[in-house]
Amino acid sequence: MNKDTLFLKDRFRGYLPVVIDVETAGFNAQTDALLEIAAVFVDFDESGQLVTTGSWDQNILPFEGANLEQSALDFTGIEPYCESRKAILEADALGSLLKEVRTRVKSSGCKRAILVGHNAHFDHGFLRAAVARTQIKRDPFHPFSCLDTVSFAALAYGQTVLSVACLEAGIEFDNRQAHSALYDATKTAELFTQIVNKMPFLGSIKPTEEEDD
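All residue numbers for the sequence shown refer to the numbering used here, where the first residue is 12 and numbers rise by one.
Structure (structure tokens):
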């Protein structure tokens, strides 16, 4: 099936998949700092294969009063206030990212975006908490649905750890670069597109539905 008959707006029920990864200063989305966020975008190419089409990433300063768990910082190696990070305020980062996503949603003919992630509810939770803190009104992402490559990888390869699932899929993975939001988002996107392309599509392509849930 080529791109003339296969569009993101139809293949994923009107949702634009956007691969998101975050790096944080802990596990609590309400209290712990969001330190990095990255997005990788996908689309179908002329041969009907789902491929990556670009990326966006930004280092973020801890929000005022944010908790910084030292064990989390030791794990990621992030120094939140290091000038070389060129980190910006959370509101500015989220505003830039969501503007880019809204533009891609509109150009693709989709009705909204849907977050794709590895352990997606973790990334989704931090994104939603940051949107609430910054009071951004035009969040293009579905408020509770997401696509989790943990489940996809378990089904396709019998693996749930990102690095192991990638290796099982024949995707190179450098553990020295892991726990960078852009690197992990890129590898998650490669895994997502490969599984979508290899797995048979069992449904039928129908016009995009109007309801939002």
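By construction, the Cβ of each residue, glycine as well, lies at the ideal position given by its N, Cα and C atoms. Just so you know, these numbers come straight off a predicted model, no measurement behind them.
CA-CA distance, A192 to T63, rounds to 16 Å.
Less than 8 Å separates the beta-carbon of L19 from that of F55. In this structure, the CA atom of Q81 is about 23 Å from the CA atom of D68. With a cutoff of 8 Å on beta-carbon distance, R149 and F74 are scored as not near each other.
Going by C-alpha positions, Y194 is about 7 Å away from Q188. In the three-state scheme derived from DSSP, where H, G and I count as helix and E and B as strand, A44 is classed as coil. Taking 8 Å as the cut-off, the Cβ atoms of F203 and T171 do not count as close. The closest CA to that of N39, considering only G59, H132, L158, S66, is found on H132. Where A140 is concerned, the enclosing alpha helix (DSSP H) starts and stops at 131 to 145. Closest in alpha carbon position to V33, among A141, E183, I147, is A141. Boundaries of the alpha helix (DSSP H) around E101: 101 to 119. Distance between D103 and Y168, taken at the CA atoms: about 38 Å. Taken atom to atom, the span from the alpha-carbon of L105 to that of E183 is near 30 Å. Pairing F23 with I89 gives a Cβ-Cβ distance that is not under 8 Å. In this structure, S119 sits near L27, with a CB-CB distance shorter than 8 Å. At the C-beta level, N78 and G37 come within 8 Å of one another.
By the Cβ-count criterion, D134 is buried, with 16 or more other Cβ atoms from all chains shown falling within 10 Å of its own Cβ. In the same chain as A165, and ignoring 5 residues on each side of it, the C-beta atoms closer than 7 Å to its own belong to T171, in chain order. Setting aside the 5 residues that flank it on each side, P151 is surrounded in the same chain by L109, V112, R113, V116, R123, A124, each with a C-beta closer than 7 Å to its C-beta; the list follows chain order.
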